[in-house]
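In full-length UniProt numbering, the protein residues as written are 1 to 1059.
Where a beta carbon is used, it is the ideal one built from N, C-alpha and C, also for glycine.
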Amino acid sequence: MASSVLESSVEKIYGFKLMRLIVDGGTEVLRNIFLSIHPGNLHAVLSTHCPTLYPLFKTKKIITQPQWDKLYPPHPSFPNIQEFDITLLVILLRNICSLSPPSTGWNVMPGSTENSREANIVRIRLFRNNFFGHVPGTDVSRLDFEAHWVDVSSALRGLGLKQSQIDRLKAEECGEEEVNRVRKEWNESDKEIVIKLNRMEKKMESKFDAGFEKVSKKIDESLIQVKSSTKGILSECLHEHDFKNEIQSFYENYTECTREWVFNQVSKWLNDKLSNNRAFIISGQAGMGKSTIAAVTCKRFPEHFGACHFFQYNNSRYNNPKFLLQSLAGQLCHVIPEYKQNLTNNLSGNKAQLLDDLNIEGLFLMLFEEPFSNIPNPGKHFLIVIDALDECRQEEKQKLVDLITKHFQKFPRFIRFLITTRQETDIARKVQELNPLFLGPDDERNLKDLQFFFEDKLRKISKDVPREELVKKFVEKSEGLMLYASFLCKLAENGSIISNTENLPGGIEEVYDMYFNRLENELRKLGIDERQFLKFLSIIAVSKRPLPLALLQRLLSSGTDLSIAARTLRKLINCLSSLLVIKDECVSFFHKSVKDWLVKPNHDFTIIETDGHRNLADICVFQMQTMKQDEVSLTFDLAIVYALHYEIQHILEAEIKDMHCLTKLTNNVTDLEIVYASVCSDIYTTLSNLSRLESYDMHNSLICEEMQTTIRKLISIIRKFTYFLKDLPQSFLQLVVNENDDVLSSKASALLMTRYRGLAYFESEDEMENTEKAMVGRVLTGHEVLEIDISPSEDFLVCGYERGVELFSLPDFQSLWKIDDFVVERNVDFVLEFYLGNLSRCIIFHPLENVIFPGQLTPVLTFEGKFKSGQIVCEEIPNKFTSCCFSHDKTKMVTNYGIHLTVWNLLENKKIVSLSCLPHLFSVLFSANDRFIGTTNFNVVCVYDTENSYSMVSRSRVTRFQVLGSTFRSDSWIVYSVTYREGEVVTEIVHYDLTIKHISPPVHATWPRNARAAAEFQAVIVSDDSAWFEKLIGSYCNFFILSNESVLRNGTISSLPGI
């Protein structure tokens, strides 16, 4: 019998009484606090705060499944606060009741002097967790019982429990039924603690296992990880957008607890591993809220989310199916490491350069079918969300639909798709076999969602208004459309529609008709004429992306002051505020249905799309001409960027028949300065636009032959150097000069000598006389110059001799000081020195401080020629170095002496890592993206990865001497190789994985010594003819390109050493 058990142990009775005080007293006070903060309908309160609580359940796992079922029980049940225990009540109080934590936080027992409500809530929770552990072993001595009773009672009184209730709990006997009830509730609370402890334990075990495995396989994995690390390759090859802002924007319009029937079906489908449906298609007419469903799905299922794409009728970039495929690939790389590894391998070499030339099916094969071919099932489904398929670019839409229906099944079974689309006939027919979910406007579930939506939005209207009747009428009038429903709620805000519900507009088109007719009177009062207004609407309707406000202002300013145009623009925007979205100084219609209505015939506000394109093309031309008159800049405002990206498209879609007008417009877009600006803005858009123009030319005799030739030549140059121009678009004009085209090269040369004098510029000169005239200065040192370096400010030049070091001022070459008896230890190889010249790199300027490293870390040389102690001191590493290089961001330095290769942090003046290397290194050089460090000695090339613990990731033994001559692109080097016997110098491009690309004809050993020189040297390497470069710079020499349009080189001139 239970009574005999209790009688046999007084300590157990004390324990149960304390448990009862916390369970009954604590639960009651916490429940009362919650109800005092949220006195309304519990179901409505929890529905409102579902976005806050859901992540605690799904992501953070703070709320358990049983607790979630109590908060949101399945229909038709409602939550009952009497079923909420202490743990759940504390979670609610902390997260949805706007309480501030006590000074010690929510997880530490407050001090005795802190008696706030929040402090006592923490005490109740921690009394239970810290003092009593769990049910087995509830024995409490009389002294402990009295002490704990006082503490718990004090906290409960502070939270509103009466002393009489506390005394009653202390005096009452505990029968078997009461003991079992308390034990059960205590056990439930214990389960939460045990679950969390188990979760923490598993997490720690998994981390330990992962760490152990990582250590045991460190050497093998280092080679694999670097090749899978594709930040450089993937970011260079793929266009990617994560649509976070778009998702958030749609999510903010979502009304909680609507569309649950859709999400339940999605959840069931996602978790059904046996389902043969690879795609979940949601189809419905415009205004059903499909995009909101897509956005909420991305948020609702974070554990399954893989990638997303939101087509947008007014964003031609997002509506390009090639952009879709590349963006999905980039996003999937963040969640599926094996896919990222395979895709990187697939894009290595020259394949990446072909992406933009592939058709949709070819792109799918390269980005998905091949990389996914051998990836094991991860044990869960990844979801790809594609919204508004119907808004894909018209000429590519059918190809993309065919790709989805025919080829998406080639994805592995763990990849699934949720796709939303309008009911366009062609799309509907082809996706029918995928069992689409049709959002019918008359669906009873849809009408219930609308009812809930109206009830939520109309809560604040006057109590005198019959709300239920109004909601019913609104649901009837909405025709099942969420878009129309939101409009009705906006109209209801001013109150007029509520008093006259019989005259509600019938459908979304009638809403627009009523809206614009009312607007006509307002515009007349504001002095805005109808023709101007229709132009305004037309260019927003045909814009390829949200339209910069500056372009609208230009439209309204013809013949008037810009300030007047700005005021007119503000008036128009205020009038149209319900239809427009203004974000980041750009404007667009809030929904595609607005444009659809405007282009329909037979109403007073019908717009002609070709007129809109012509008006926008004229505005873009004006922007381009303004850009050419302004100061040169490589950063462009929104209006210029829009004009650069879309002027050609508007010209073509304007369907201009007049030859004079068309020639004038095409002359503008093919102007070399405008093409250069376009390349700097986005090379791929430039290439796409010129290709459109070329295709148009082939079927149109209005454009002259000369213009067609110019277009083809521009396309040829950009295609030829696409991969190079992506990194260095500023070199476009130089590349045009190099092409030696009779027309374009001379124009590019003229621009470089006039408007763009700030860009480094090389042009071949046959006459020695011209070269002499171009020379700013020369210094003959009298000693062989073994190495040179220029200060970061380009004010000083340091020369290292066999014995001595000398500092010169620039640009006048005045000797400031010379130390004759200073000797630097260098690596000397007579074979390399004979064929390649001097390779030393050990007397060098500090990139961040006004000191010189003279082949040692300390002491250093000041600009006054005095030695002083250096900031870097490390006794375990040799102070000397025979080779040195800096990262391009100037934060790291690598030094080499003997078998020591050391990486230093220049911001903190301390060692990062010291590595063992082969002796007698000829060269050490960071890659252009600062990720890799390359080294060479007699016959071995090594590459180290800075993002993989500086482990050696590539090593190759070669049959000839190799020296790193310059960086090339992000993760490659230009390398000079000398064969042993023949003494032949070979120039190659070596990738970080030591794949090699030969350069023909070879460029002789010329050494770019700064980033500017390396960039221009790349332009020479990829050009067809480097003879002019060698004639200008010379071979077997070092050279710098300075910011004042000068080149500094050193070498031997007429048998005399000099610079």
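Taking the C-alpha atoms as reference points, what is the distance between residue i and residue j?
i       : j       : result
Asp-820 : Thr-967 : 33 Å
Ser-577 : Ser-291 : 21 Å
Val-511 : Asn-446 : 21 Å
Arg-125 : Val-90  : 8 Å
His-304 : Phe-382 : 5 Å
Leu-488 : Phe-417 : 33 Å
His-241 : Lys-448 : 35 Å
Thr-48  : His-591 : 26 Å
Ile-384 : Leu-324 : 11 Å
Glu-784 : Gly-855 : 18 Å
Asn-342 : Phe-372 : 8 Å
Residue j and residue i - do their beta-carbons sit closer together than 8 Å?
i       : j        : result
Thr-891 : Leu-915  : no
Tyr-756 : Leu-733  : yes
Glu-28  : Leu-161  : yes
Phe-886 : Thr-895  : no
Asn-939 : His-920  : no
Phe-243 : Phe-311  : no
Gly-287 : Ser-593  : yes
Val-990 : Trp-1007 : no
Ile-843 : Val-824  : yes
Thr-258 : Phe-453  : yes
Leu-169 : Arg-20   : yes
Asn-827 : Ile-872  : no
Val-924 : Tyr-950  : no
Ile-375 : Tyr-339  : yes
Ser-691 : Val-641  : no
Leu-450 : Ala-485  : yes
Ala-617 : Ile-651  : yes
Leu-693 : Ile-619  : no
Ile-540 : Leu-547  : yes
Glu-975 : Glu-988  : Residue identity differs from the one stated: residue 975 is Val in this sequence, not Glu. Going by C-beta atoms, Val-975 is nearer than 8 Å to Glu-988.
Leu-159 : Ile-86   : no
What does the Cβ neighbour count give for residue i, buried or exposed, with the cut at 16 atoms within 10 Å?
i       : result
Ala-294 : buried
Ala-774 : With a pLDDT of 48 at Ala-774, under the threshold of 50, the modelled position of that residue is not reliable, and no figure is offered here.
Asp-945 : buried
Asn-377 : exposed
Ser-793 : exposed
Phe-78  : exposed
Glu-787 : buried
Leu-143 : exposed
Glu-806 : buried
Lys-397 : buried
Phe-438 : exposed
Grouping DSSP H, G and I as helix and E and B as strand, with all else coil, what is residue i?
i        : result
Pro-601  : coil
Asp-337  : The residue you asked about is not Asp; residue 337 is Pro in the sequence shown. Pro-337: helix per DSSP, three-state reduction.
Val-140  : coil
Ile-877  : coil
Gln-965  : The amino acid at residue 965 is misidentified as Gln; the sequence shows Gly. The answer is strand: DSSP assigns Gly-965 an E or B state.
Arg-1049 : strand
Arg-94   : helix
His-148  : helix
Ile-219  : Residue placement at Ile-219 is poorly supported in this model, since its pLDDT is 30, which falls under 50; the coordinates are not used for a value here.
Tyr-944  : strand
Ala-748  : helix
Gly-158  : helix
Compute the beta-carbon to beta-carbon distance between residue i and residue j, rounded to the nearest angstrom, for a pair I have assumed lies under 8 Å.
i       : j        : result
Lys-535 : Leu-551  : In fact, because the Cβ distance is near 12 Å, the residues do not count as touching under 8 Å.
Val-737 : Ser-731  : The Cβ separation is near 10 Å, so there is no contact.
Thr-666 : Met-627  : No, Thr-666 and Met-627 are not in contact; Cβ-Cβ is about 18 Å, not under 8 Å.
Ser-970 : Ala-1011 : At roughly 13 Å, the Cβ-Cβ gap does not stay under 8 Å, so Ser-970 and Ala-1011 are not in contact.
Ile-427 : Ala-279  : Not a contact, Cβ separation roughly 13 Å.
Leu-403 : Phe-368  : Wrong, their Cβ atoms sit about 10 Å apart, outside the cutoff.
Ile-790 : Phe-1040 : 5 Å
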